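A quick write-up on the structure given underneath.
Chains as they are written, first to last, in the numbering used here: chain A, 33 to 655; chain B, 97 to 248.
Given below as structure tokens:
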């Protein structure tokens, strides 16, 4: 229990001693370790503490129960890696960055341990505002940062409405033992969906994640969207499990996953691709959560619990892997000072083996490669959707079937996009570009730890399932010992045993490796044959060329267009949803201009005078 | 019934002529029956091109020996260098040699002109045959057969 307060103290102290940048980040690392310990303690023995009465009917309380402990566990691993990475990475940024980073983590920690609406809102707002300031740390990112803030405030406002409706129903700000209305659930869903970047509210995410400094991108993409998932599970625990919510979540989640994967395939920016991958992953998480709620609504508890477990494993996989991907990609970006996938080739040679290996491992995990954690998560997703035939309602069943199709397509395209990313950055032709010398010991350490977590959590995923508290889905079958097999249903519908897969792959992999090494097969690496001429830069098979086939086939969806400039020609694709927001922006500007010309064409001082006068009037009237 | 199908037409017509070459040639031991060639012209007076081209004609018909021209050096066993390299062709020649899969051989046909660098001074690897002067197509085929190990 004390660990919780110590986490608080360490984050706050880290924010205060910002003049020693490295120590400040180190304090945040220590705080993350403490948060990890808090989550372990809270998982075994949920506790609630610190009920502070401000006045009657209004009290602040914090504590940890099973749900928040699981999410805190996932988040703390990510925080740990990000802060460790920042010790080296933060050298290039100002002394304000540790304050913002520490405080943003503190805000997220508050969100996770909040037991009442006020603490929740305070933590939520702290995390949003300091994330905005963190994005601003990167030069020329004002527009993207402001977009982030605008959507963040949309989420805060809807959340305020939701909590207000909760207060009117229960006359209490507490989040425990209260019941919500449909208005609460709808508003909270919009708020958390905005944070998760669900289609069509995802456009802010792309700009913000690609423009921010890399450690900030990692934190925006992984733990901050995790807060959205946490918020959704919290809101659902308050307001019951209605069927309409499940179907809505499935539709939005499936569409989002499909759209995210589709745009990830066409992405050309080094950090835009992982950002769209975040949209895809969060969509998958929302869809499985929706299926879980639908199943619970029809009292099919086995499927509901399995879908919930899938959501947790997916979240775990997404947070850890996306943190690693952003950190490794950011490492390469910082060292080579390049923006596009095409220009960051040869990370293996130019930057280092560890970032290249990290990119490959995270990309493999996202493209469902056994026995990594991403494989387990996606298997569980498909297994969940296959079992949707058990739901009696025809609407829900048909929705689940179509969403299953969308998710399967999304998985395929995610693999395509990840091959594009890893194939061109980590394993591609070497440019011969010289990397900047940056201190990278802690960066490498953070990446190695995350690679280790992904690999180990993959083949020990049955133990993770047990740790999350879903022991009934583990069993033994045909010689596989008891806790190593994940079952998808009772009676058995589908099984997977990553542990045994790892053992078998290891045994089958060791002998071929020995033969391969013993034979000493030499591979000759040459450039592509170009009639004896040396290949020029433009003649390589580039990353845009890799995905152009799909961009051309789906030109109606992508709005593919060939742009001709003076001496340059290239193909441009766009996210059509962005046009919608551009339209809203143009409309708002036109309206405000018309209003200011017709209604408010006076002097600004007189308006301030009016406002003050109204304030005074209200003050006297209320008294 | 005519008498010649019994003896065999191919034997009657083709083996009459012996393709002999006075030049020394090393046997490319690894390949049993066939040979794939890639030809690069590094600056000859076009005479050698005609001679090489004649190897395709029915007169020589080198495909019957299992000797083929490949479209890319990546498919070739033997690189034929025609002429003495001019200054600008040295880099493409080296790039072509880099693209050949190991094991490979190089056959130099220098031609009669004295222009350009002597290819033997470039220290090219795995040179299995060197032909001076202006060899005829028949001589070239003889050397190729020696390299392929089909002279017996």
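From the three backbone atoms N, C-alpha and C, an ideal C-beta is built for every residue, glycine too. Since the model is a prediction, treat every value here as computed from it, not as a measurement.
query	result
Quick one: using the 10 Å Cβ neighbour count with 16 as the cut-off for buried, is residue 148(A) buried or exposed?	buried
Do residue 106(A) and residue 478(A) have their C-beta atoms within less than 9 Å of each other?	no
Using a C-beta to C-beta distance shorter than 8 Å, which residues of chain A count as neighbours of residue 168(B)?	561
Any idea what DSSP makes of residue 108(B), helix, strand or coil?	Bear in mind that a pLDDT of 49 at residue 108(B), under 50, signals an unreliable position, so the number given afterwards is only what the model happens to contain. Three-state DSSP puts residue 108(B) in a helix.
Look up residue 345(A) in the DSSP assignment and say whether it is helix, strand or coil.	helix
Who are the Cβ neighbours of residue 181(A) in its own chain at under 8 Å, not counting the five residues just before and after it?	160, 161, 164
What are the start and end residues of each continuous alpha helix (DSSP H) run of 4 or more residues lying completely inside the stretch 314–387 of chain A, in chain order?	333–368, 379–382
Excluding the 5 residues flanking residue 466(A) on each side, which residues of the same chain have their C-beta closer than 8 Å to its C-beta?	382
Spatial neighbours of residue 355(A) within its chain, please: CB distance less than 7 Å, with the 5 preceding and 5 following residues excluded, ordered by chain position.	110, 113, 114, 250, 254, 482
Of the choices 351(A), 245(A), 84(A), 213(A), whose alpha-carbon is the least far from that of residue 176(A)?	245(A)
List the DSSP bridge partners of residue 79(A).	96(A)
Under the three-state reduction of DSSP, which class applies to residue 155(B): helix, strand or coil?	coil
Is residue 227(B) helix, strand or coil by DSSP?	strand
DSSP puts residue 206(A) in a beta bridge; with which residues?	148(A)
Does any residue of chain B have a CB that is nearer than 9 Å to the CB of residue 464(A)?	no
So residue 422(A) contacts chain B; which residues on that side make the cut at Cβ distance below 8 Å?	Those within 8 Å of residue 422(A) in chain B number zero; the least Cβ separation is about 56 Å.
If you measure from the beta carbon of residue 198(B) to each beta carbon in chain A, is any gap under 9 Å?	yes
Within 8 Å: the Cβ of residue 328(A) and any heavy atom of the ligand ADP?	As presented, the structure is devoid of all ligands, the ligand ADP included, so that no description of it is given.
Can you grab the Cα-Cα spacing for the pair residue 374(A) / residue 595(A), in whole Å?	18 Å
Under 8 Å, with one C-beta from each stretch per pair, do the stretch 547–567 of chain A and the stretch 189–207 of chain B reach the 3-pair mark?	yes
Could you have a look at residue 147(B) and say whether DSSP puts it in helix, strand or coil?	helix
9 Å is my cut-off, CB to CB: does residue 565(A) come that close to chain B?	yes
Taking the alpha-carbon positions, what's the residue 152(B) to residue 237(B) distance?	11 Å
For the stretch 412–432 of chain A against the stretch 279–289 of chain A, do three or more pairs of beta-carbon atoms, one drawn from each stretch, fall closer than 8 Å, so that the two count as touching?	yes
Looking at the C-beta of residue 143(B), does it have a partner C-beta in chain A at a distance below 9 Å?	no
Mapping the DSSP letters down to three states, classify residue 612(A) as helix, strand or coil.	helix
What does DSSP give as the partner residues of residue 163(B) in its beta bridges?	131(B)
Taking the alpha-carbon of residue 120(A) as reference, which of 323(A), 296(A), 469(A) has the nearest alpha-carbon?	469(A)
List the DSSP bridge partners of residue 201(B).	174(B)
Hey, could you find the ends of the alpha helix (DSSP H) residue 407(A) is sitting in?	405–418
What does a CB cutoff of less than 6 Å around residue 519(A) pick up in its chain, not counting 5 residues either side in sequence?	505, 507, 527
Hey, residue 366(A) and residue 124(A): beta-carbon distance below 9 Å or not?	yes
Quick check on the burial criterion: 16 or more other C-beta atoms within 10 angstroms. Buried or exposed for residue 158(A)?	buried
With a CB to CB cut of under 7 Å and the five nearest residues on each side skipped, what residues in its chain are close to residue 116(B)?	238
Measuring only between beta-carbons, confirm whether residue 188(B) sits less than 9 Å from chain A.	yes
Tell me whether residue 656(A) sits in a helix, a strand or coil according to DSSP, three-state version.	Shown here, chain A extends from 33 to 655; a query on residue 656(A) therefore has no answer.
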